[in-house]
Amino acid sequence: MTPYSVDYGVSVKEKKSLSEAGAQRHPARTARTVASLFDKDSSSLLCTHRPVLPQVMDVLREYLFEGSAEVLPTEDPYLEPGDALVLQVTEGDDPRIVSVERVRAALD
């Protein structure tokens, strides 16, 4: 995250609820943190660890258009280390995910 934030001049906010321990202790808080990203009319980047991904995916499914759940990974491991999901989300009072792109890590 640090190289990205430096290159693009954005700040990083660490949220304990997105850590493995935080998600295990307070799963509802983790869900609220992920859902809060949909309240913003600006771009967001979420970085977490694979053990937290099931909770993240559950929240993301709530923001999909009906009948489009298959666009998200459905089984653990949801992503390989270094992989990313890029989501395009509608703006407004009822934000919805309109596209999902999986970006694979370019590891040597």
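If you read the sequence shown in our numbering, its first letter stands for residue -8, the second for the next number, and so on. Here a beta-carbon is modelled for each residue, glycine too, at the ideal position from N, C-alpha and C.
* Which value, in whole angstroms, describes the spacing of the CA atoms of residue 74 and residue 93? -> 7 Å
Using the C-alpha atoms, what's the distance from residue 18 back to residue -1?
31 Å
- Query: Hey, quick one: how far does the alpha helix (DSSP H) through residue -4 stretch, first residue to last?
  - Reply: -7 to -1
request  = Note down the Cα distance separating residue 45 from residue -3, rounded to an integer number of angstroms.
outcome  = 29 Å
| message | According to DSSP, residue 92 sits in a beta bridge with which residue or residues? | response | 77
**Prompt:** Would you call the CB atoms of residue 70 and residue 76 closer than 9 Å?
**Reply:** yes
* Whose C-beta lies closer than 6 Å to the C-beta of residue 26 among residues of the same chain, with five residues either side of it excluded? -> 50
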